[in-house]
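Have a look at the structure below, then the notes.
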Amino acid sequence: QKEVEQNSGPLSVPEGAIASLNCTYSDRGSQSFFWYRQYSGKSPELIMSIYSNGDKEDGRFTAQLNKASQYVSLLIRDSQPSDSATYLCAVRGSNYQLIWGAGTKLIIKP
Amino acid sequence: GAGVSQTPSNKVTEKGKYVELRCDPISGHTALYWYRQSLGQGPEFLIYFQGTGAADDSGLPNDRFFAVRPEGSVSTLKIQRTERGDSAVYLCASSLGPSSYEQYFGPGTRLTVT
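In order, the protein sequences belong to chains A and B.
Basically this note's numbering = 1-based index in the first sequence + 339.
Basically this note's numbering = 1-based index in the second sequence + 42.
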């Protein structure tokens, strides 16, 4: 079992709709979780971090964490074509490194 | 302010050659991380520096890979006797310190071994 799992997609969402991205992790002791956005040919860009159970909102983005079920999700409201990218879920490991999923490719259709 | 910078942006080398990849972290960031990313995959951890010392090098794939950070700022990742399987994008990230969890990435170096 991979440590961090994501559906590879692609996930296709109409412009203006809500995009929902999910991630599960295997280490029950994990405490810190991150969502990065990666455009093709570019490096990962941090968009959200979450450390406590529940929701965390930042603009059009909401991160949700459920430690009991070991999943993290990212909601993008009012999706725009510029949101089309690969979204990477990362979990902080015991030695400070990030452990990554393979990413979900999101396509926003105008 | 300036972000993480990496040079070169692209490097093409022949199998068996030696390469050096450079990372200049965000000013004031004491923690520095190297990852590599293959197409269609998430980044893979290589090594973590806190200050000048390598705090965790468990991700280095073998002894052909080595990294230094002599003055606690710029870091160099060194790969000896390159192999075609080393081809990937090498990413560098920095954070304020180990207790600052958020890591910020440079643009990466695309290494191609022919």
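Don't be surprised by glycine CBs; every beta carbon is placed ideally from N, CA and C.
{"Check": "DSSP has A/LEU445 in a bridge; who is on the other side?", "Outcome": "A/LEU350 and A/ALA424"}
{"Check": "Step through the CB atoms of chain B and report whether any lies within less than 7 Å of the CB of A/GLY442.", "Outcome": "yes"}
{"Check": "The beta strand (DSSP E) spanning A/GLY393 covers which residue range?", "Outcome": "393-397"}
{"Check": "Does the distance from the C-beta atom of B/GLN92 to that of B/ALA109 stay below 7 Å?", "Outcome": "no"}
{"Check": "Please report how far the alpha carbon of A/SER365 lies from the alpha carbon of A/TYR410, in whole angstroms.", "Outcome": "9 Å"}
{"Check": "First and last residue of the beta strand (DSSP E) that includes B/GLN92?", "Outcome": "86-92"}
{"Check": "Count Cβ pairs between the region 396-409 of chain A and the region 44-54 of chain B that sit closer than 8 Å; are there 3 or more?", "Outcome": "no"}
{"Check": "In whole angstroms, what separates the C-alpha of A/LYS444 from that of B/GLU113?", "Outcome": "39 Å"}
{"Check": "Along the chain, where does the beta strand (DSSP E) that runs through B/THR124 open and close?", "Outcome": "No beta strand (DSSP E) contains B/THR124, which DSSP labels as neither H nor E."}
{"Check": "With a CB to CB cut of under 7 Å and the five nearest residues on each side skipped, what residues in its chain are close to B/VAL155?", "Outcome": "THR55, LYS57, THR124, GLU125, ARG126, ASP128 and SER129"}
{"Check": "How would you list, in chain order, the residues of chain B whose beta-carbon sits under 9 Å from the beta-carbon of A/SER388?", "Outcome": "TYR143 and GLU144"}
{"Check": "Compare the beta carbon distance of A/LEU360 and A/TYR426 with 7 Å and say whether it is the shorter of the two.", "Outcome": "yes"}
{"Check": "Would you please state the rounded distance, in angstroms, between the beta carbons of B/ARG111 and B/GLN122? I believe it to be under 8 Å.", "Outcome": "Between B/GLN122 and B/ARG111 the Cβ distance is about 18 Å, and since that is not below 8 Å, they are no contact."}
{"Check": "Excluding the five sequence neighbours on either side, which residues of its own chain have a C-beta within less than 7 Å of the C-beta of B/HIS71, listed in chain order?", "Outcome": "SER136, SER137 and LEU138"}
{"Check": "Among residues of its own chain, excluding the 5 on either side of A/VAL343, which ones have a beta-carbon nearer than 8 Å to its beta-carbon?", "Outcome": "CYS362, THR363, TYR364, SER365, CYS428, ALA429, VAL430, ILE438, TRP439 and GLY440"}
{"Check": "Given a cut-off of 7 Å on the beta-carbon distance, is the pair A/ILE415 and A/LEU404 in contact?", "Outcome": "no"}
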